Structure formats: C-alpha cells, structure tokens
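As structure tokens, the structure follows; a few thoughts come after it.
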Amino acid sequence: MKLLWSSLPALRRRLLPPHVIVSLLVGVNGLLLVASVLLRVPGSLLVDLFVRGDLSALERIEARHLPRLLFGLNAIERIDFSHLPRALVGLSLVALACGLVIRARTAWAFSLVMLTLAAIINVHLNIRFDLTFALSIVCVLLLLWYWREFDRASFAAATLYTLVAVFALIVYATFGTMYLGSEFAPPVTDLATAFYFAIVTMTTVGYGDIVPHSTDARLFTASVIIFGISVFATSLTVVIGPLVGGNLKKILAGRFTHVIRKQHFIVAGASPLAINVHHELTKRGWPVTVIIASGVENQYPEDADVMHGDASDNAVLTHAGIEHAKAVLALRADDSENAFIVLAAKEIAPTVRTIASVNDSKHLSKLKRVQPDMIFAPPVVGGELLARTLSGETVDNDTVMRLLFHGDTDN
C-alpha cells in the first residue's frame, strides 16, 4: 500500500500530465469566448435552437436558407463588431491549445499574450467578472507555474502557427471588409462577397471589380496586401525552408539515406553511462539508436542515430524499431522514467531484452517489480565493494557480477 501511494504522483502525471490539463482549459476558454459573442447575436437560429432550446426556431427555417444556417453565416453577419476581437482571440486560443498539447514553447508564449489580451478586452468592454475573465486569469497562472512543461520546438508546431496566421489574416480581411462594406464600390453587404474580396486582395490578384473609394477603405486594403505578402513569405520560410535546408544539409554531408533499424540496440537517455555504452557498442560495430528527451542537450557524436522524444511513449519506441531491436537499455538519470521505459518496451515487444540502470539504491526494489531482464546497479556495487574491501572481506568475480547486474547485497 505504501508503494502504491508513493507511486500515485508519477501515475497521475503520466495519465493526465499538467500540459494536457492546461491545454484543455485554454481550449475551453477559447470556446467560451466565441460562444459569448454568438450569444449576443440577435435572431440567430442556431443559438435559439441549441442554446436557448427554443423549438419554435424550426418554424423560421426555409430550404433556401439551409446552406447559410449550416455554415453559421446567418449568425456571423449579425455579430456586433465591437465584440469581434473576443471571437478572434477565442478562435486563436482554440488553435493554440493544439500547440500546448504537443508542449510547444511558441504556443505557450502566444497563449500568454492571447489570454492577457482577452482579459484586457473584457475590461475594455466592461465585462470584468464573468467566467471567461476568471478562466483567463487561471490559465495565465497555470501557464506560468508549469512553464517547464512547454519546452519543445517542433516543425509541427511551426506549421500549426503558420496555419493560424493565415486563418487570422483571412478573418481580419473578411470582417474588416464587412465592417467597411459601404465604403467600397459596389458596396459589400454579405459575407461571401467580403470573403471573395479578402482572398483576391491577400493574393494581390486585384480583378478591380470591387474598389475602395474612401481613405479608410484604401488604408485597410493596403494593410491586407502588406499582411498577406508578409504572412505568405513567412509561411514559405517557416515551412518549406527547414524541409529544403535539412535535406540539403544531409545531401552535402552524404547522409541522405533512410535509417534501417534492425538488430540494433536502443539506448534511452543522455546520462554519462548512456553515452559511454553508446561509444562501446558502436566501437564494436553494433548499430545503436539513441532516444533523448526533447530539450536535453545532445552530447552524442554527430553521426549518431539520435531521436528526440519520450522513450516511454509507444509511438516513439515503435519509430525506433523496437520490434526488430536486440535490446532496450533504459539508462536515464531518473529511475522512475527507466521503469516506465521498461514497461512500455515489454508492452510493445515482450520478447526484446530490457536492461535498466539504477541511480539510487533505494529505488532498486521498486525497479525489480517491473521485471526487466537485467538491472545494472553501479551505486550498489560501488558502495558494497568499498565496504567489503574496508572490512577485509573476500571479493571474487561472482560477487562483483551479482552486485553489478542484480543489485543483490545478500550473502
């Protein structure tokens, strides 16, 4: 019972990690912000039907209005533009919540900015103490408290933010055109025309069928053109640049090949022991795949087959070729992480040998419970051999091997 109680925090973090909780709260906050804007829309069929439960709204539905109803256009066109920033911030938070799930540092930073902006907008609109305001404050505090959880910089996150930027620009251009609709010739009076003008302007095509005729409309159109060029140029740099640059680097280095992982060793960790084991195995001609946690400095040689990720994640182990591996060596500095790696390895490939290192002798009995094929216990052998030597006891090879690979101190 004591062992189970002591392992509860680790199990809780594994089943429901803090970054997942924070991302859910941020996403819910974003949805609430969007919903709070839609609830202010007068005569919205969707709101009357699904939110207020007014079944009489069905009588107002006509067949010719079904496409607009399904896409929510009837509600969007009636939105009070003074509350539009709340909706945009809400949509951004929903997108950023996806980045928080993958623990992206950029998503963490942008979420702080958007949550702060949401609170400022609430104050500006004299909506200070509603649920979204309180939830924004809670999310900011949680993001600051768990800032170490968001330590990853990934290509997927960069792609996500590029898509968010493109989406935000489309929303800005579309609703800005709707807001200034009377200042165009011919006037823009519906959302479909506003969306068309936004796309034409962003792509700098400019057919000339809709022309701004006021100073405000011209300045707005100029801003859409500038933002459009900037966003698309940045998108090409962020998304296509790393792909081309990374492949070019591999070609120049002569390593543009697909790594075939078979009959190899998987070493999990970047501890001194893991680095030395990698060195000795590769020196003997064995292929080795290394898995190190994201954010950890890579001290392995440049030609090493290194993967970044959680070694206790089934997907990461599968990508490392565990089903064709000779053995999995859990050599991280945290004994609990080594235990989880062994459990994950046994779940995916029960026949593959598992070896775990023990960094603290008091964790030895707990690590034995996960039943790795071999336990490597340098702290135990060091302390026991030194004590035996100082006490004048006999030390033979069997004793050394028993201590080193089993951690057994019994005579």
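Going left to right, the sequence shown walks through residues 7 to 417 as the numbering used here numbers them. A virtual CB, placed ideally from N, CA and C, is assigned to each residue, including glycine. As the structure is a computational prediction, the values presented were derived from the model and not from experiment.
Closest by C-alpha distance to LEU37, when choosing among ALA299, VAL26, ALA103:
In the sequence shown, residue 37 corresponds to position 31, counting from 1. Comparing Cα-Cα distances from LEU37 to each of ALA299, VAL26, ALA103, the minimum goes to ALA103.
Going by the beta-carbon positions, is the gap between ILE272 and ALA310 smaller than 8 Å?
Position 266 of the sequence shown, counting from 1, holds the residue named residue 272. Position 304 of the sequence shown, counting from 1, holds the residue named residue 310. Going by C-beta atoms, ILE272 is not nearer than 8 Å to ALA310.
Straight-line Cα distance separating LEU30 from ILE232
Locating residue 232 in the sequence shown gives position 226, where the first residue counts as 1. Locating residue 30 in the sequence shown gives position 24, where the first residue counts as 1. If I take the Cα positions, the gap works out to 34 Å.
What does the alpha-carbon distance come out to for the pair PRO24 and VAL217?
Residue 24 sits at position 18 when you count from the first residue of the sequence shown. Residue 217 sits at position 211 when you count from the first residue of the sequence shown. Cα to Cα, the separation comes out at about 51 Å.
Using beta-carbon positions only, say whether VAL194 and PHE181 come within less than 8 Å of one another.
The residue you call residue 194 lines up with position 188 of the sequence shown. The residue you call residue 181 lines up with position 175 of the sequence shown. Not a contact, by the Cβ cut-off of 8 Å.
Between which two residues does the alpha helix (DSSP H) containing PHE156 stretch?
On the sequence shown, position 150 is the one that residue 156 refers to. Note, PHE156: premise wrong, no alpha helix (DSSP H); not H, not E.
Please state the DSSP three-state secondary structure of VAL129.
By 1-based counting over the sequence shown, the position of residue 129 is 123. In the structure shown, VAL129 sits in a helix (DSSP, three-state: H, G or I).
Secondary structure of ASP311, DSSP reduced to three states
By 1-based counting over the sequence shown, the position of residue 311 is 305. ASP311: strand per DSSP, three-state reduction.
Quick test of your reading: ILE381 and VAL358, contact by CB under 8 Å. State the CB separation rounded to the nearest angstrom.
Stepping through the sequence shown from its first residue, residue 381 is reached at position 375. Stepping through the sequence shown from its first residue, residue 358 is reached at position 352. Not confirmed; about 16 Å, so no contact.
On the DSSP letters alone, give me the boundaries of the alpha helix (DSSP H) that ILE354 sits inside.
Here residue 354 corresponds to residue number 348 of the sequence shown, with the count starting at 1. Its alpha helix (DSSP H) spans residues 341 to 354.
Determine contact between the region 197 to 212 and the region 173 to 180, defined as no fewer than three beta-carbon pairs at a distance below 8 Å.
Proximity of the region 197 to 212 to the region 173 to 180 meets the contact definition, three or more beta-carbon pairs being nearer than 8 Å.
Using only the alpha-carbon positions, how far apart do ILE127 and LEU141 sit?
Against the sequence shown, residue 127 aligns to sequence position 121. Against the sequence shown, residue 141 aligns to sequence position 135. So the two alpha carbons sit approximately 14 Å from each other.
If contacts are defined as beta-carbon pairs under 8 Å, then VAL348 and PRO378 qualify, I think. What distance do you get, rounded to the angstrom?
Position 342 of the sequence shown, counted from the start, is the residue given in the question as residue 348. Position 372 of the sequence shown, counted from the start, is the residue given in the question as residue 378. Rounded, the Cβ-Cβ distance is 5 Å, consistent with contact.
Can you say whether ILE328 is buried or exposed, counting buried as having 16 or more other CB atoms within 10 angstroms of its CB?
Counting from 1 along the sequence shown, the entry for residue 328 is found at position 322. That one is buried.
Compare the C-alpha of ALA362 against each of ARG109, LEU337, ARG92 and name the closest.
Here residue 362 is taken as the residue at index 356 of the sequence shown, counted from 1. Cα-wise, what sits closest to ALA362 is LEU337.
Straight-line CA distance for ASP215 to VAL206?
Within the sequence shown, numbered from 1, the residue matching residue 215 stands at position 209. Within the sequence shown, numbered from 1, the residue matching residue 206 stands at position 200. About 10 Å.
If you draw a straight line from the alpha carbon of HIS270 to that of VAL283, how long is it in whole angstroms?
Within the sequence shown, residue 270 is the residue found at index 264, counting from 1. Within the sequence shown, residue 283 is the residue found at index 277, counting from 1. Between HIS270 and VAL283, the C-alpha separation is close to 13 Å.
How long is the line joining the alpha carbons of ALA355 and PRO293, rounded to whole angstroms?
Translated into positions along the sequence shown, residue 355 becomes position 349. Translated into positions along the sequence shown, residue 293 becomes position 287. C-alpha separation (whole angstroms): 19 Å.
Through-space distance from GLY315 to PRO212, alpha-carbon basis
Numbered from 1 along the sequence shown, position 206 holds the residue referred to as residue 212. Numbered from 1 along the sequence shown, position 309 holds the residue referred to as residue 315. The sequence given here places Gly at residue 212; Pro does not occur at that position. When rounded, the distance between both Cα atoms is 46 Å.
For the beta strand (DSSP E) that VAL296 lies in, which residues bound it at each end?
Here residue 296 refers to the residue found at position 290 of the sequence shown. 294 to 298 is the extent of the beta strand (DSSP E) around VAL296.
Please report how far the alpha carbon of ALA350 lies from the alpha carbon of GLU343, in whole angstroms.
Taking the first residue of the sequence shown as 1, we reach residue 350 at position 344. Taking the first residue of the sequence shown as 1, we reach residue 343 at position 337. Each residue's Cα considered, the two are about 11 Å apart.
Cβ-based burial, ILE297 [other Cβ within 10 Å; buried from 16]:
Residue mapping note: residue 297 aligns to position 291 of the sequence shown, counting from 1. The residue in question, ILE297, is buried, as its Cβ has 16 or more Cβ neighbours within 10 Å.
Given a threshold of 16 other Cβ atoms within 10 Å of its Cβ, counted over all protein chains shown, does PHE77 qualify as buried or as exposed?
Mapped onto the sequence shown, residue 77 falls at position 71. In this predicted model, PHE77 has a pLDDT of only 42, less than 50, meaning its place in the structure is not dependable; the value taken from the coordinates is given anyway. It counts as exposed.
Measuring CB to CB, does ALA274 end up less than 8 Å from LEU373?
In the sequence shown, counting from the first residue as 1, residue 274 sits at position 268. In the sequence shown, counting from the first residue as 1, residue 373 sits at position 367. No, the pair does not count as a contact, with Cβ atoms beyond the cut-off.
In whole angstroms, what separates the C-alpha of LEU121 from that of ILE27?
The residue you call residue 121 lines up with position 115 of the sequence shown. The residue you call residue 27 lines up with position 21 of the sequence shown. Between LEU121 and ILE27, the C-alpha separation is close to 16 Å.
Quick one: residues in its chain with C-beta nearer than 8 Å to the C-beta of ARG158, no 5 flanking neighbours on either side, listed in chain order?
On the sequence shown, residue 158 is found 152 positions in, with the first residue counted as 1. For ARG158, where only same-chain residues beyond five positions count, the Cβ hits under 8 Å are ILE108, ARG109, ALA110, ARG111, SER300, GLY301.
Inter-residue Cα distance where the pair is ALA115 and VAL146
Your numbering for residue 115 matches position 109 in the sequence shown. Your numbering for residue 146 matches position 140 in the sequence shown. Spanning the two alpha carbons is a distance of roughly 10 Å.
Please state the DSSP three-state secondary structure of LEU79.
In the sequence shown, residue 79 corresponds to position 73, counting from 1. Because the pLDDT at LEU79 is just 47, under 50, the model does not fix this residue reliably, and the value given afterwards should be weighed accordingly. LEU79 falls in the helix class under three-state DSSP.
Leaving aside the five residues before and after GLN305 along the sequence, list all residues of the same chain whose C-beta is less than 7 Å from its C-beta, in chain order.
Along the sequence shown, one-based indexing puts residue 305 at 299. Excluding residues within five positions, the ones whose Cβ falls inside 7 Å are ALA276, ILE281.
Let's test the definition: count the other Cβ atoms within 10 Å of the Cβ of ALA191 and tell me whether it reaches 16, buried, or not, exposed.
In the sequence shown, the residue the question calls residue 191 occupies position 185. With fewer than 16 other Cβ atoms within 10 Å, it is exposed.
Confirm, please, whether the CB-CB distance from ALA174 to LEU118 is below 8 Å.
Stepping through the sequence shown from its first residue, residue 118 is reached at position 112. Stepping through the sequence shown from its first residue, residue 174 is reached at position 168. No; because the gap between Cβ atoms is not below 8 Å, this pair is not in contact.
For ALA321 and ALA228, the rounded distance between their alpha carbons
Reading the sequence shown from its first residue, position 222 is the one you call residue 228. Reading the sequence shown from its first residue, position 315 is the one you call residue 321. Rounded to the nearest whole angstrom, the C-alpha separation of ALA228 and ALA321 is 47 Å.
With distance defined between alpha-carbon atoms, name the residue in LYS289, ARG92, SER98, GLY291 nearest to LEU169.
Within the sequence shown, residue 169 is the residue found at index 163, counting from 1. Nearest of LYS289, ARG92, SER98, GLY291 to LEU169, Cα basis: SER98.
Taking the alpha-carbon positions, what's the LEU323 to ASN35 distance?
The residue given as residue 323 occupies position 317 in the sequence shown. The residue given as residue 35 occupies position 29 in the sequence shown. The alpha-carbon atoms of LEU323 and ASN35 are separated by roughly 34 Å.
Tell me which residues share the same chain as SER220 and place their Cβ nearer than 8 Å to its Cβ, disregarding the 5 neighbours each side in the sequence.
Position 214 of the sequence shown, counted from the first residue, corresponds to residue 220. Excluding sequence neighbours, SER220 sits near LEU186, GLU189.
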